[in-house]
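What follows is a short report on a single structure.
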Amino acid sequence: MKKRSSLMLLFLLFPAALLAQDGYELTDLTFRGNETLSDGDLLDRMQMFTVSWFSHTFLFKDRFEFSAEILASDLEELTRFYQSQGFLSVKLLRPEVKSFREEKEVEVTITIEEGPPVTIAEKPRFRFIAASHDSARVEEIALDSTSVLQLRPGERFHDAALVADQSRLITRYTEQGFPYVKADYTLNVDTVQNTVIIDWSIDAGPQCSFGDVNVTGAEKIPPDAVINNLQFYKGQVFSPRAIDESQQEVFALGAFRSVSFQAALSDRRSSVIPINIDVREAPGFKSKFGLGIGTETGFRASANVDFLALFGTTRSLNVKAKHSKLEPYNFTLTYTNPDFPTTRSNFILSPFFRREKEKSFDVRRFGSSASVQHRLSPFTNGFVTYAFERVDVYESVFDSAQFIAGINLMAYNKSSISTGATYDDSAPLFKPNSGVYIALAFQLSGLGLNSPFHFMKSSFEVRRYQRVSEPLVFATRWKIGFANTYTGIRFIPVEERYFSGGSNSVRGWSRQRLGPVDESDKPLGGRSLMELNNELRFPLIGVVSGVVFSDIGNVWTSAYTLRWGDLRTSFGAGIRIDSPVGPIRFDVARPFFDPEKRVQFHLDVGQAF
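Numbering (this note's numbering), first residue to last: 88 to 696.
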């Protein structure tokens with residue numbers, strides 16, 4: 088029937104000669120008269136589309152092959168869409184189709200007469216059916232919900248808002264312990280006044296509470312490890328939010344590869360709801376090995392081994408080994424004890440032994456850290472960490488002064504405490520196109536145990552990812568950091584200083600080459616840092632995408648110093664190739680307003696930020 092109506096509309100709207108234009112390329116599609124709905128809203132509903140000159144010429148995107156039949160179908164769809172948006176008397180006039188025979192191209196113009204929209208006449212009316220133990224509470228929830236409903240008096244009616252309001256009502260009741268609620272509606276339309284009154288019919292059912300909890304699938308790990316992380320208890324008023332939070336807490340233990348919660352609702356509408364939890368334990372042993380190469384790291388290799396469900400608990404042990412030009416060896420052991428000291432906290436003990444080689448220093452670091460991480464919300468984590476390490480310096484930009492005030496600069500202890508928080512709702516993991524990442528950290532060093540250097544560091548970083556149009560993603564990052572001494576000698580170890588430049592920094596300079604240097608042209612590092620990165624990311628072909636970017640930044644030798652006139656800028660472009668371990672990245676950048684203007688090439692894995 089739909090096919091037949093489209094064909095009838097086709098022959099009514101278009102002369103037979105126009106049908107001969109089928110197969111021509113559509114180069115322009117214009118709307119007129121759409122004062123309420125945007126061109127983008129209308130294009131989203133259509134099969135027809137246009138391709139920009141840039142995308143067609145350089146990205147090799149094919150243009151749409153014009154079809155009068157598809158145009159007729161799109162006009163029907165646009166009419167239905169307008170009616171769903173409250174424009175019941177909308178009219179779409181005969182489209183103007185301009186053809187160019189030599190180029191075999193067409194341009195289409197669609198003129199719309201929207202007409203008056205249907206608006207909401209008054210506040211929604213509620214009718215309550217079926218008995219409830221607390222009818223006053225049922226009515227109170229409905230009245231309180233009117234403030235969150237989208238369709239209010241004077242607003243334009245549209246179907247999506249009605250469905251959303253129905254969902255909001257059901258959610259309000261469910262969160263108050265009425266999981267069996269039903270919300271139906273009746274529309275009373277006045278076609279003369281172009282208004283509508285919405286009558287809601289609420290069947291709340293009984294207010295319910297949590298019942299027994301049944302855990303299945305746990306083999307090595309006792310069910311109590313799951314139950315202890317629940318955010319509800321037996322007899323508590325039923326709440327889907329409590330179930331969601333519990334599922335997140337159990338999965339965050341890291342001991343399960345899947346966690347499923349099921350509320351056992353019954354046809355008899357029982358007021359006590361049991362909860363069934365099914366878990367699938369993660370493998371007790373996991374290993375991962377990797378090889379790679381980068382312009383900064385050179386050849387690199389890594390091995391990562393996980394031991395899960397230690398001693399029949401949710402505790403885990405991770406053993407990691409890495410090698411690269413920058414880290415000839417790095418061995419780290421990480422012991423994690425979830426639910427300590429609270430159910431939303433993890434205690435992490437991490438001894439390490441590594442060597443770091445940079446242009447400014449070559450050091451060996453041996454020590455351990457003890458950290459408590461706490462989940463403040465699904466996207467927010469806080470931490471407190473104590474670390475102690477021994478540092479042996481093989482080579483340093485400060486070799487000429489091996490002792491300061493009797494303190495050996497080539498071998499020393501560091502005892503520090505740090506705290507901070509992160510917020511991260513960016514997604515997806517390897518190629519984020521939406522969300523924000525925020526990190527704030529503070530470190531205080533020189534806390535006894537023969538730790539001679541007394542300094543403090545603070546840093547703040549924010550990243551934002553935003554889709555500016557369907558193929559384009561704009562990503563930006565801003566980072567600042569400060570370091571300063573607070574007592575004793577005025578010296579900060581070289582490995583704790585700030586450096587700038589490189590594949591994950593200001594890409595117009597090679598690694599750590601932006602900032603102050605000594606007389607032998609070795610980077611000195613600094614006590615203040617600021618970097619600002621901007622990227623426009625876009626697809627090219629298949630798994631290959633491209634970026635254009637600008638990077639701004641510098642490092643200063645004094646603390647709490649950000650001189651705008653000292654900032655250095657670079658521009659560049661790059662490509663990304665998707666892979667199972669993340670995008671393979673190749674960037675080319677060149678400094679701007681720099682006398683040498685040396686081009687830098689960067690090869691690495693993962694986005695720059």
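Note that beta-carbon positions come from the ideal geometry of N, C-alpha and C, so glycine has one too.
Query: So what's residue 435 in DSSP terms, helix, strand or just coil?; Result: strand
Query: Out of 304, 394, 329, 320, state which residue places its alpha-carbon closest to the alpha-carbon of residue 364.; Result: 304
Query: DSSP on residue 202, reduced to helix/strand/coil?; Result: coil
Query: Just how far apart, CA to CA, sit residue 637 and residue 447?; Result: 26 Å
Query: Go ahead and label residue 643 buried or exposed: buried means 16 or more other beta carbons lie within 10 angstroms of its beta carbon, across all protein chains shown.; Result: buried
Query: Where does residue 481 land, buried or exposed, given buried means 16+ other C-beta within 10 angstroms?; Result: exposed
Query: Which full runs of the alpha helix (DSSP H) of 4+ residues lie inside the segment 266-353, going along the chain?; Result: 311-314, 327-338
Query: Can you list, in chain order, the residues of its chain whose CB lies under 7 Å from that of residue 322, leaving out five sequence neighbours each side?; Result: 296, 297
Query: I need the straight-line Cα distance from residue 286 to residue 244, nearest angstrom please.; Result: 14 Å
Query: Applying the criterion that 16 or more other CB atoms from any shown protein chain within 10 Å of the CB defines a buried residue, is residue 301 buried or exposed?; Result: exposed
Query: Give the single residue among 543, 560, 598 whose Cα lies nearest to the Cα of residue 573.; Result: 543
Query: From the DSSP output, in three-state form, read off residue 541 for me.; Result: coil
Query: Using DSSP's beta-bridge definition, name the partner residues of residue 157.; Result: According to DSSP, which records beta bridges pairwise, residue 157 is partnered with nothing at all.
Query: If you drop the 5 nearest sequence neighbours on each side, which residues of the same chain put their C-beta closer than 6 Å to that of residue 337?; Result: 313, 316, 346
Query: Taking the C-alpha atoms as reference points, what is the distance between residue 52 and residue 192?; Result: The shown model of the chain, from 88 to 696, leaves out residue 52, and the question about it has no answer.
Query: With a floor of 4 residues, list each alpha helix (DSSP H) that falls wholly inside the segment 192-263, ordered by position along the chain.; Result: 222-232, 246-262
Query: Just to confirm before moving on: does the CB-CB distance between residue 385 and residue 412 stay below 8 Å?; Result: yes
Query: Which residues share a DSSP beta bridge with residue 638?; Result: 620, 657
Query: Thinking just about the alpha-carbon of each residue, which of 398, 405, 400, 399 is nearest to the one in residue 392?; Result: 405
Query: Around the C-beta of residue 435, are 16 or more other C-beta atoms found within 10 angstroms, so that it is buried, or is it exposed?; Result: buried
Query: Pull up the distance between the alpha-carbon of residue 226 and that of residue 232, whole angstroms please.; Result: 10 Å
Query: Skipping 5 residues on each side, what residues in its chain have a beta carbon closer than 8 Å to that of residue 266?; Result: 292, 295, 325, 327, 350, 352, 360
Query: Please list, in chain order, all residues of the same chain as residue 120 whose beta carbon is under 8 Å from its beta carbon, the five residues on each side excluded.; Result: 198, 199, 200, 201
Query: Spell out the partners DSSP gives residue 183 in its beta bridges.; Result: 196
Query: Measuring alpha carbon to alpha carbon, tell me which of 571, 318, 473, 582 ends up nearest residue 441.; Result: 582
Query: Leaving out the 5 sequence neighbours to the left and right, which residues in its chain are closer than 8 Å to residue 341 when beta-carbon positions are compared?; Result: 369, 395, 401, 403, 423, 425
Query: If distances are taken between C-alpha atoms only, which option among 470, 358, 415 comes closest to residue 433?; Result: 470
Query: Per DSSP, what are the beta-bridge partners of residue 691 in this structure?; Result: 672
Query: Where does residue 170 sit, in a helix, a strand or coil, going by DSSP?; Result: helix
Query: Where does residue 548 sit, in a helix, a strand or coil, going by DSSP?; Result: strand
Query: Please state whether the Cβ-Cβ distance between residue 284 and residue 268 is less than 8 Å.; Result: no
Query: Mind checking whether residue 568 and residue 546 have CB atoms under 8 Å apart?; Result: yes
Query: Excluding the five sequence neighbours on either side, which residues of its own chain have a C-beta within less than 7 Å of the C-beta of residue 669, listed in chain order?; Result: 517, 692, 693
Query: Which of the three DSSP states, helix, strand or coil, is assigned to residue 94?; Result: Bear in mind that a pLDDT of 45 at residue 94, under 50, signals an unreliable position, so the model cannot answer this.
Query: Mind checking which residues open and close the beta strand (DSSP E) that includes residue 420?; Result: 416-425
Query: Could you pull out every residue in the same chain whose Cβ sits closer than 8 Å to the Cβ of residue 399, ignoring the five residues on either side in sequence?; Result: 307, 308, 309
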